[in-house]
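Letter 648 of the sequence shown, counting from 1, is numbered 648 in UniProt numbering, and no numbers are missing.
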Amino acid sequence: QEKSSCLSAALFGEDCEISRDQLYELLKYAALGKCHNATQPSWCRIYRQSHLAGVVVIVLHQMSQLHFYKFYLQFKHLRKAFRHRFTLTPSANFLASLYGEGANLKPQNTAQGLTSTSSECVPERSDLQDNPIIQKYGEKKQGLTSYTLTLEEQKKNDYPIKGFSRCKGYIYTECDQQRTDSSPLFGLDCEMCLTAKGNEVTRVSLVDAQGRCLLNELVKPETEVVNYRTRFSGITKEMLLPVKTRLSDIQTRLKKMLPRDAVLVGHSLNGDLQALEMIHPSVIDTSLLFARNGGRRFKLKFLAKAVLGKEIQSEEKLGHDPAEDARAALELAQFFIEQGPTKVAELNLEMILKTEQLAEASQEQAALQAQGYTFQKQLNEPPHLSKPCFLECLQVTGQKPLLLGRQELDSSGLCQSNLSASNKQILQKALEGVPLSTFSIIQFSLGPENIAPRLLAELCEKVGSKLTDMLTVYAGPFEESFCLKSVKKEFGRCGPFRSLTVVTETYQPYVCIQYEVLEAAQLAVESLNGAEVAGSCIKVQRPVTAAMLDCDVLIKELELDVENEGVIYVAGLKKSLTETDLQEEFSQLKDLETLFLPKDLQSGKHRNCCFLKFQTAQSAMDALEAINGRTVRGRKLRGRNALASGHLWRWIWQMNHSNGKQRRNILYKKMEQLSDSEQDLRKNVKKLDNQIRKLYRCLQKNTLCVVLFPGVN
1 QEKSSCLSAA LFGEDCEISR DQLYELLKYA ALGKCHNATQ PSWCRIYRQS HLAGVVVIVL
61 HQMSQLHFYK FYLQFKHLRK AFRHRFTLTP SANFLASLYG EGANLKPQNT AQGLTSTSSE
121 CVPERSDLQD NPIIQKYGEK KQGLTSYTLT LEEQKKNDYP IKGFSRCKGY IYTECDQQRT
181 DSSPLFGLDC EMCLTAKGNE VTRVSLVDAQ GRCLLNELVK PETEVVNYRT RFSGITKEML
241 LPVKTRLSDI QTRLKKMLPR DAVLVGHSLN GDLQALEMIH PSVIDTSLLF ARNGGRRFKL
301 KFLAKAVLGK EIQSEEKLGH DPAEDARAAL ELAQFFIEQG PTKVAELNLE MILKTEQLAE
361 ASQEQAALQA QGYTFQKQLN EPPHLSKPCF LECLQVTGQK PLLLGRQELD SSGLCQSNLS
421 ASNKQILQKA LEGVPLSTFS IIQFSLGPEN IAPRLLAELC EKVGSKLTDM LTVYAGPFEE
481 SFCLKSVKKE FGRCGPFRSL TVVTETYQPY VCIQYEVLEA AQLAVESLNG AEVAGSCIKV
541 QRPVTAAMLD CDVLIKELEL DVENEGVIYV AGLKKSLTET DLQEEFSQLK DLETLFLPKD
601 LQSGKHRNCC FLKFQTAQSA MDALEAINGR TVRGRKLRGR NALASGHLWR WIWQMNHSNG
661 KQRRNILYKK MEQLSDSEQD LRKNVKKLDN QIRKLYRCLQ KNTLCVVLFP GVN
């Protein structure tokens, strides 16, 4: 689910099954963009990947589609918030293979302890031509105006721009005077807390070219704070209690303080200006100034140490100091302008970063080994020749993924430094860390122990039995000499059925029809109950069992499912009709987007029904009204809203065919009490769904969130 319109997936019907590699494609491109040979996924498209705020993968340990549909009503938030659902093809050791075969997140070589002054760090002159800084700015020194962002660069990097509709209500600094190479520089940095509105400013700092702090003010947010992010912002509830200053006060003060030709400097300054709701025409962004390949960016903390030799954002301090960050960004810009691109390129920042990561990895692994953790690979082993997973690529780019979980992830060692005792603890850490991380993997579990195979088998049997009952209808009573052919014809108009048998245990004969799709069974109940069929006024109903008591609720929820929005089911078609024929027949329907004609997955033959997907729910309703009762090639059509248009249709088919022989003659199940284990599972699923809801609410806009039900194997 994307918290904005950034993802488009064209899969529907049979195509809703994706492979492990396809999921890998999506996550890699979302996390890395075009660098590291990442390309747009083959099966869906991400628009404006550079605008993604982050990628979050929620792994539900040992859970599969079986759990999702067994506890469909309990997964209230999950099924409403996540519009796109796909079946993953079976894969051994799925999680480990997703992260890379036997991948270890830590780099594979021992640290050499190189510094910015080491001769090994200084590249050859010929290598400088390939440096992104030289490619962007050339080799010669230039004045500060050469390094301010152009209007196009500001647009590309989501800066607030005067006249743009999304910046309506923003305050313009009115610094319109022509900039020169002697225009004054000012460093700006803000700290934000997460509120009901989103990211709101809670502290602002402004420093001048001499590093003097002109403004360092706490700000009272407009709405209630959801997460203070104290670890990073340094802001606590107590700090904001006496504060009276509002955002409008800061906007007024900044507007008065800045000269007409001021140039603002900051690190990823677009976020600060967006939070301040202010527009300033001339900026230097140090995250873009120290250019890297593939759209990657150095962190401010790293640049301050590597370029200026200064330690900022110390972990010993409570949160970041915005005045310190503003001063560091300003000094970095001044260094760049004074020294010129060639001197900066000669620092070989990529080598310094890689060396620091190697040293850090060595220290972390040594510390973990001292605590008794073991790793599949040691740091002094030669590099593995298989392709690196994208998580390894992330670390090379300077991004450290957030990894939280209760169980270790097989073959990857991912969660060993972040093992938590409960989902509650994992959630608390995630609420704090996910909004600040570009890539996160959060693993939740249903309980402290693995799900017993016996309980899994029991769940599988119950879900299969319930699906069979939902696909089954009983119709009657009929006369003793009724025409079975007429009954088959009438009920066949509702959709394909697997079997139709006559029930003779009753005083008058009934028929039992087991359909292949949920919509067909529901259509039979809705359209034929009380109708005259084969000379008798009949009643049509589903089996009455304990498991079926909530059938009506389940049908209603399936119909309202976001996955089925704008999708209708049409039955009564001739089996000889092809997709091309149907496209032609339904070409007059407004906003028709996709047509799916189900096939028997064994024989490959078409069924006498199809699904139509429309751009809007209203268009689907209008189409349904036009189709019901319409005659196509001599057949009268029936239709209704879809219940299982996507992967559920395929899964039902597989469930029925894999267990059909065992269940075909199951008509009624004795009422039985739920086992304690299953009751516990149901409670845990409710809690889990609520925890996912809380995590989802803390995500920033333009976050790609994927929830995995990887199963046991």
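Quick reminder that beta carbons are idealized off the backbone N, C-alpha and C, glycines included. If you're wondering where the values come from, they're calculated on a predicted model, not measured in any experiment.
Selected residue, minimal CA-CA separation from residue i, among the options
i, options, result
"Glu-565", "Ala-644, Tyr-47, Arg-542, Lys-539", "Ala-644"
"Gln-40", "Val-57, Ala-53, Val-56, Asp-21", "Asp-21"
"Glu-356", "Lys-343, Lys-301, Pro-341, Gly-319", "Lys-301"
"Ser-465", "Ala-291, Cys-193, Tyr-69", "Tyr-69"
"Leu-308", "Leu-332, Ala-326, Asp-285, Asp-321", "Leu-332"
"Val-570", "Glu-557, Ile-171, Pro-496", "Pro-496"
"Phe-439", "Leu-26, Ile-18, Ala-31, Cys-167", "Ala-31"
"Tyr-515", "Asp-591, Arg-607, Val-544, Glu-479", "Arg-607"
"Glu-557", "Trp-43, Lys-76, Gly-33", "Lys-76"
"Leu-589", "Ile-627, Lys-599, Asp-600", "Ile-627"
"Leu-471", "Thr-501, Gln-177, Leu-518, Tyr-507", "Leu-518"
"Leu-330", "Gly-187, Gly-433, Val-706", "Gly-187"
"Cys-44", "His-51, Leu-26, Ala-38", "Leu-26"
"Gln-260", "Ser-182, Leu-358, Gly-492, Ala-521", "Note that residue 260 is Arg in the sequence shown, not Gln. Of the candidates Ser-182, Leu-358, Gly-492, Ala-521, the one whose C-alpha sits nearest the C-alpha of Arg-260 is Ser-182."
Own chain residues within Cβ distance below 6 Å of residue i, not counting five before or after
i, result
"Ser-486", "Ala-534"
"Leu-708", "Val-59"
"Ile-337", "Leu-144"
With 16 other Cβ atoms within 10 Å as the buried cut-off, status of residue i
i, result
"Val-473", "buried"
"Phe-82", "buried"
"Cys-16", "buried"
"Gly-163", "exposed"
"Ala-617", "exposed"
"Leu-409", "Its pLDDT being 45, under 50, Leu-409 is placed unreliably by the model, and the measurement read from it follows with that caveat. With 16 or more Cβ atoms within 10 Å of its Cβ, Leu-409 is classed as buried."
"Ser-619", "buried"
"Thr-468", "buried"
"Lys-683", "exposed"
"Gly-572", "buried"
"Cys-483", "exposed"
"Lys-354", "buried"
"Ser-248", "exposed"
Identified DSSP bridge partners for residue i
i, result
"Asn-227", "Leu-194"
"Glu-200", "Cys-193"
"His-606", "Lys-599"
"Ser-576", "Answer is none; Ser-576 lacks a bridge partner."
"Thr-472", "Gln-514"
"Tyr-172", "Ile-279"
"Val-263", "Leu-185"
"Phe-497", "Tyr-515"
Endpoints, the beta strand (DSSP E) within which residue i is located
i, result
"Gly-639", "638 to 641"
"Tyr-510", "510 to 515"
"Phe-82", "Element bounds for Phe-82: n/a, residue is neither H nor E."
"Tyr-569", "567 to 571"
"Ser-440", "439 to 444"
"Ile-46", "44 to 46"
"Lys-539", "539 to 541"
"Cys-705", "703 to 708"
"Leu-402", "402 to 404"
Enclosing alpha helix (DSSP H) for residue i [first to last residue]
i, result
"Glu-217", "Taken as a continuous stretch (DSSP letters only), Glu-217 belongs to no alpha helix (DSSP H), being part of the beta strand (DSSP E) at 213 to 218."
"Leu-582", "579 to 585"
"Ala-30", "20 to 32"
"Ser-422", "First-last for Ser-422: undefined, no H or E at that position."
"Arg-292", "Note, Arg-292: premise wrong, no alpha helix (DSSP H); not H, not E."
"Gly-492", "484 to 492"
"Phe-302", "300 to 303"
"Ala-57", "Note that residue 57 corresponds to Val in the displayed sequence, not to Ala. First-last for Val-57: 54 to 60, but that is the beta strand (DSSP E), not the alpha helix (DSSP H)."
"Leu-240", "237 to 240"
Sequence-distant residues of the same chain with beta carbon closer than 8 Å to residue i, five excluded per side
i, result
"Leu-288", "Leu-149, Glu-153, Asn-157, Arg-297"
"Lys-694", "Leu-427, Leu-431"
"Ala-547", "Lys-462, Ser-465, Lys-466, Asp-469, Lys-669"
"Leu-595", "Glu-579, Leu-582, Gln-583, Phe-586, Cys-610, Phe-611, Leu-612, Lys-613"
Sequence-distant residues of its chain with Cβ nearer than 7 Å to residue i (five each side left out)
i, result
"Cys-213", "Ser-205, Val-207, Ala-323"
"Ala-291", "Pro-132, Ile-133, Lys-136"
"Pro-341", "Ile-133, Ile-134, Tyr-137, Gly-138, Glu-139"
"Cys-190", "Val-201, Arg-203, Val-204, Asp-272, Ala-275, Leu-276, Pro-322"
"Thr-236", "Tyr-228, Thr-230"
"Glu-311", "Lys-305"
"Cys-167", "Pro-160, Ile-161, Ile-279"
"Leu-523", "Cys-494, Gly-495, Ala-571, Arg-638, Arg-640"
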